[in-house]
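In my numbering, the protein residues as written are 274 to 442. Written below as C-alpha cells is the structure these notes are about.
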C-alpha cells in the first residue's frame, strides 16, 4: 500500500493522534488549558530518571495551576496531564515518534517532527530534553477518575514514571 516508509509512519502517527484525541475529547474530565493571566498557584515539578518530584499534587475543582516543569534527568521526559485511559493512546503515538526517529533517548528531533506535522504541542503536555524547562497552565474540573501526570516516552510509564493529582472536594 505504501511505497515509502515515511508515508507509512506519517499515517501511523496520524491514526495514533486521532485515537488519543478522541480519548481525550470524550470526557476525560481532567479539565482544560487555563488562562495564563488568571493563575491561582504555581507548582514546580522536577522530572528525573523515572520519577517526578513531587509525585502528588492536590488541586481544587476550578483551580488554575501553572506547572513549571524541569527535566533534571539525563534522558527525554514528558509531563502529560491525563488519566490512564488517555495515556494509552498517547503511548502508541510516542512509540511511533521514537520509531520514526523524531526523538531518541536524550534528544528531541524537532526538524523531523515538523516534517511529519507532529509537534507535540498539546496544552496538557510538555516534552523536554535533559536540562530543559517548560510550562503548562491548566484549569482542573474535578470530574476525572484517576487524574494524574505521566511520562509516555516508551518504557517510562511502565517503569513507574507517574504522579497523582488529588482533587480536593
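Just so you know, even glycine gets a beta-carbon here, dropped at the ideal spot from N, CA and C.
Requested in this report: Can you give me the start and stop residues for the alpha helix (DSSP H) that residue 356 sits inside?
Outcome: Locating residue 356 in the chain shown gives position 83, where the first residue counts as 1. Careful: residue 356 lies outside any alpha helix (DSSP H) and carries neither H nor E.
Query raised in the report: Could you give the residue range of the beta strand (DSSP E) that holds residue 320?
Result: Taking the chain shown and counting its residues from 1, one reaches residue 320 at position 47. Start and end: 314-321.
Query - Residue nearest to residue 387 in terms of C-alpha spacing, selected from 375, 398, 379 - result: Taking the chain shown and counting its residues from 1, the one referred to as residue 387 is at position 114. Check the Cα spacing between residue 387 and each of 375, 398, 379: the tightest is with 375.
Query - 8 Å contact criterion, which residue 410 and residue 331 should meet: CB distance rounded - result: In the chain shown, counting from the first residue as 1, residue 410 sits at position 137. In the chain shown, counting from the first residue as 1, residue 331 sits at position 58. Between residue 331 and residue 410 the Cβ distance is about 18 Å, and since that is not below 8 Å, they are no contact.
Query raised in the report: With C-beta atoms as the reference, is residue 349 less than 8 Å away from residue 379?
Result: Here residue 349 refers to the residue found at position 76 when the chain shown is read from its first residue. Here residue 379 refers to the residue found at position 106 when the chain shown is read from its first residue. Their beta carbons are under 8 Å apart, which means residue 349 touches residue 379 by this criterion.
Query raised in the report: Do residue 408 and residue 314 come within 8 Å of each other at the CB atom, strictly closer than that value?
Result: In the chain shown, counting from the first residue as 1, residue 314 sits at position 41. In the chain shown, counting from the first residue as 1, residue 408 sits at position 135. The answer is no: Cβ separation not under 8 Å.
Query raised in the report: Buried or exposed: which applies to residue 393, given that a residue is buried once 16 or more other Cβ atoms fall within 10 Å of its Cβ?
Result: Along the chain shown, one-based indexing puts residue 393 at 120. That one is buried.
Query raised in the report: Do residue 421 and residue 435 have their C-beta atoms closer together than 8 Å?
Result: Sequence index remark: in the chain shown, residue 421 carries index 148 (1-based). Sequence index remark: in the chain shown, residue 435 carries index 162 (1-based). The answer is yes: Cβ separation under 8 Å.
Report task. Starting from the C-beta of residue 423, find all residues in its chain whose C-beta is less than 6 Å away, skip the five residues before and the five after it, and write them out in chain order. Result -> Stepping through the chain shown from its first residue, residue 423 is reached at position 150. Cβ neighbours of residue 423 beyond the five flanking positions: 353, 360, 430, 435.
Query raised in the report: Which one of 425, 439, 440 has the shortest CA to CA distance from residue 433?
Result: Within the chain shown, numbered from 1, the residue matching residue 433 stands at position 160. Answer by Cα proximity: 425.
**Report entry** Residue from 413, 440, 419 whose Cα sits closest to the Cα of residue 305
**Finding:** Against the chain shown, residue 305 aligns to sequence position 32. Per the Cα distances, 413.
**Report entry** Of the listed residues 417, 324, 437, 302, nearest to residue 347 (C-alpha basis)
**Finding:** As a working mapping, residue 347 is identified with position 74 in the chain shown. Checked all of 417, 324, 437, 302; the closest Cα to residue 347 is 324.
**Report entry** Status (buried if at least 16 other CB within 10 Å, exposed otherwise) for residue 439
**Finding:** Counting from 1 along the chain shown, the entry for residue 439 is found at position 166. Counting Cβ neighbours within 10 Å, residue 439 comes out exposed, since fewer than 16 surround it.
Requested in this report: Verify whether the separation of the beta carbon atoms of residue 303 and residue 355 is less than 8 Å.
Outcome: Stepping through the chain shown from its first residue, residue 303 is reached at position 30. Stepping through the chain shown from its first residue, residue 355 is reached at position 82. The Cβ atoms of residue 303 and residue 355 lie closer than 8 Å to each other.
Report task. Using three-state DSSP, classify residue 329 as helix, strand or coil. Result -> Here residue 329 refers to the residue found at position 56 of the chain shown. Three-state result, residue 329: strand.
Report task. Have a look at 333, 358, 390, 401 and flag the residue whose alpha-carbon is nearest the alpha-carbon of residue 312. Result -> Along the chain shown, read from residue 1 onward, the residue named residue 312 stands at position 39. Comparing Cα positions, the closest option is 333.
Query raised in the report: Residues bridged to residue 426 by DSSP?
Result: Here residue 426 is taken as the residue at index 153 of the chain shown, counted from 1. Note: residue 426 sits in no beta bridge, so no partner.
Report task. Determine the burial state of residue 404: buried for a count of at least 16 other Cβ atoms within 10 Å of its Cβ, exposed for fewer. Result -> Looking up residue 404 in the chain shown gives position 131. Classification of residue 404: exposed, given that the 10 Å Cβ count is below 16.
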